[in-house]
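So in full-length UniProt numbering, the last spot in the sequence shown is 251, and the numbers never skip. Here's the structure, in structure tokens; my notes come after.
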Amino acid sequence: RPALEVRGLRAAVAGREVLRGVDLVVGAGEVHAVMGPNGAGKSTLSHVLMGRPGYEVLGGSVLVDGEELGHLATWERARRGLFLAPQVPTEVPGVPLRAVLAEALAARGEAAPPADALVAAAGAVGLAPAFLDRPVNVDFSGGERKRNEVLQLALLRPRVAVLDEIDSGLDVDGLRAVARRVLAEVRERGLAVLAITHYPRLLSELVPDRVHVLLGGRVVQSGGPELAEELERTGYAGLAAALGVEA
Ligand code: ADP
Ligand code: MG
Ligand code: MG
5 RPALEVRGLR AAVAGREVLR GVDLVVGAGE VHAVMGPNGA GKSTLSHVLM GRPGYEVLGG
65 SVLVDGEELG HLATWERARR GLFLAPQVPT EVPGVPLRAV LAEALAARGE AAPPADALVA
125 AAGAVGLAPA FLDRPVNVDF SGGERKRNEV LQLALLRPRV AVLDEIDSGL DVDGLRAVAR
185 RVLAEVRERG LAVLAITHYP RLLSELVPDR VHVLLGGRVV QSGGPELAEE LERTGYAGLA
245 AALGVEA
């Protein structure tokens with residue numbers, strides 16, 4: 005039974021069908037990359053998986069540990085172990101990060117970690133303790149927002165993590181720290197990861213078991229990590245031409 009199973013997922017945004025039958029199966033303890041050009045529908049996929057309002061789901065299913073989540077609200081999906089680090093993390097003025105983390109854990113019936121454990125967890129992704137008392141993402145740099153997403157991931161311990169361009173805005177050291185933290189979750193407790201990116205740089209740190217290419221609203225090719233390097237040479241347009249699909 006895979007950790008994440010996506011079957012024939014179709015969805016429209018603003019009246020246009022962006023996902024036209026996406027199939028993905030990610031086992032526990034596996035890292036899968038989803039690559040694709042700008043506008044391919046990668047972020048749409050992440051939001052539809054999480055059940056964000058405003059996306060019209062036209063068909064297909066989303067299962068986590070064999071349970072269909074397609075009809076559930078976002079918070080219910082989160083409770084069942086689905087986690088999204090969005091491409092553009094949301095600012096929450098007036099609410100300190102520490103409070104959000106405590107609330108998220110309380111919603112699952114878990115106590116907030118002791119203060120020193122929280123400081124250590126923040127430090128593991130390169131965030132100073134002061135971030136815990138700042139309003140969430142307000143005046144955070146791009147890289148700090150991404151580090152914060154991975155801090156939340158580490159504390160919430162989901163079954164499946166969808167990481168949408170977790171590499172964007174991160175410097176080399178940040179990328180390494182974030183990738184290490186994610187890989188620790190993969191190895192130690194079997195976290196399943198769907199890592200969305202359009203650059204192979206992330207994948208040299210967060211080495212994927214499988215790479216999928218999203219083009220024209222479908223997964224048009226899947227392969228091993230070498231597929232990411234091949235894409236670097238051919239470009240998405242080159243691959244689309246070779247496969248005879250619309251880019
Ligand atoms: P990617 O993440 O692969 O770059 P997106 O999923 O963000 O692509 O976008 C896919 C397509 O859907 C793009 O053409 C984008 O302009 C469009 N789109 C996404 N969200 C909206 C929206 N809220 N309203 C209108 N169009 C949207
Ligand atoms: Mg993009
Ligand atoms: Mg995107």
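C-beta: ideal position from N, C-alpha, C; glycine also.
Taking every residue with its beta carbon within less than 5 Å of a heavy atom belonging to ligand 3 gives, in chain order, Lys-46, Ser-47, Gln-91.
Closest option to Pro-57, judged by alpha-carbon separation, among Gly-43, Ala-44, Thr-78: Thr-78.
In this structure, the straight-line span from the alpha carbon of Gly-113 to that of Leu-49 is close to 29 Å. For the pair Glu-34 and Ala-183, the Cα-to-Cα distance works out to about 14 Å. Secondary structure of Gln-156 (DSSP, three-state): helix.
For Val-17, the shortest C-beta to heavy atom distance toward ligand 1 is below 7 Å. With fewer than three CB-CB distances shorter than 8 Å, the segment 65 to 72 does not count as touching the segment 138 to 156. With 16 or more other Cβ atoms from the protein chains shown falling within 10 Å of its own Cβ, Ala-199 counts as buried.
Asp-27: member of the beta strand (DSSP E) spanning 20 to 30, first to last residue. Fewer than three Cβ pairs drawn from the segment 209 to 216 and the segment 129 to 141 lie within less than 8 Å of each other, which leaves the two stretches out of contact. Ser-226 sits in a strand when the DSSP states are folded into three classes.
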